[in-house]
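Colleague: So that we are looking at the same thing, I have put the structure below in structure tokens.
Numbering (the numbering used here), first residue to last: 38 to 243.
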């Protein structure tokens with residue numbers, strides 16, 4: 038393999054969580070008498086979930102309780118309704134079998150993220166996992182990427198940052214490593230990634 042170190046995003050990259058996230062957000066809004074189209078919510082959330090929450094809080098003067106309610110609704114969905122993206126387990130296993138390493142940099146909370154990995158038997162496939170609870174600046178800030186590069190002495194020429202959002206690509210570029218944008222045909226484009234793929238399996242052939 039030309040590339041041996043893989044820094045993955047989580048939501049929408051390794052796990053198909055966006056459908057549930059959109060449903061939960063839509064339900065939280067609806068409880069307050071606010072209707073929003075799923076496509077609109079997905080478009081905003083793929084850019085930045087934090088910014089999406091801030092936008093609706095400001096627009097409708099929702100306050101902090103709205104975010105808490107969104108999380109409560111999101112957590113009511115089962116993990117079986119949010120499976121790994123097609124090929125995720127196979128690709129991560131193959132990377133490890135060939136002597137490579139997988140890492141995760143995600144904004145998702147630790148308990149939730151680890152629950153997913155344990156439910157699907159994937160935790161052992163990752164050398165280190167950085168979550169929203171670890172105190173690093175959020176992407177597109179490259180702080181978490183820089184930490185991994187330094188701690189594990191990752192060679193930038195053999196390291197890939199893989200994600201489905203523009204901020205994933207921005208963070209990887211700022212850290213000086215090659216970037217891979219996963220095109221999920223959701224209307225989001227990224228013109229400055231080093232590579233674009235349509236399936237996770239394609240990452241192994243770069």
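All C-beta atoms in this analysis are idealised placements derived from N, C-alpha and C, irrespective of residue type, glycine included.
Any idea what DSSP makes of residue 61, helix, strand or coil?
Modeller: helix
Colleague: Rounded to whole angstroms, what's the CA-CA distance from residue 66 to residue 120? Just pull it up for me.
Modeller: 25 angstroms
Colleague: With which residues is residue 111 paired in a DSSP beta bridge?
Modeller: BP columns for residue 111 are empty, so no partner.
Colleague: Given that a residue counts as buried once 16 or more other Cβ atoms are within 10 Å of its Cβ, and exposed if not, what is residue 46?
Modeller: A residue is called buried once 16 or more other Cβ atoms fall within 10 Å of its Cβ, and residue 46 is buried on that count.
Colleague: What does the alpha-carbon distance come out to for the pair residue 185 and residue 191?
Modeller: 7 angstroms
Colleague: Using the three-state DSSP reduction, which class does residue 196 fall into: helix, strand or coil?
Modeller: In the structure shown, residue 196 sits in a strand (DSSP, three-state: E or B).
Colleague: Give the single residue among 57, 235 and 202 whose Cα lies nearest to the Cα of residue 117.
Modeller: 57
Colleague: For residue 179, is the classification buried or exposed, using 16 other Cβ atoms within 10 angstroms of its Cβ as the cut-off for buried?
Modeller: buried
Colleague: Anyone know if the C-beta pair for residue 199 and residue 214 falls short of 8 angstroms?
Modeller: no
Colleague: So if DSSP puts residue 43 in a beta bridge, which residue, or which two residues, is it bridged to?
Modeller: 139 and 197
Colleague: Identify, in the order they occur along the chain, each residue of the same chain with its Cβ nearer than 6 angstroms to the Cβ of residue 207, setting aside the five sequence neighbours on each side.
Modeller: 177
Colleague: Using CA coordinates, which residue listed in 227, 194, 182 and 231 is at the minimum distance from residue 212?
Modeller: Ranked by how close their Cα comes to the Cα of residue 212, the residues 227, 194, 182 and 231 have 182 in first place.
Colleague: Go through the segment 152 to 222 residue by residue and report every complete run of the alpha helix (DSSP H) that reaches 4 residues or more, in order.
Modeller: For the segment 152 to 222, whole alpha helix (DSSP H) runs of length 4 or above, ordered along the chain, are 180 to 188 and 203 to 211.
Colleague: Would you mind giving the Cβ-Cβ distance between residue 152 and residue 51, rounded to the nearest angstrom? I have them listed as a contact below 8 angstroms.
Modeller: Not quite, the Cβ-Cβ distance comes to about 14 angstroms (not below 8 angstroms), so this is no contact.
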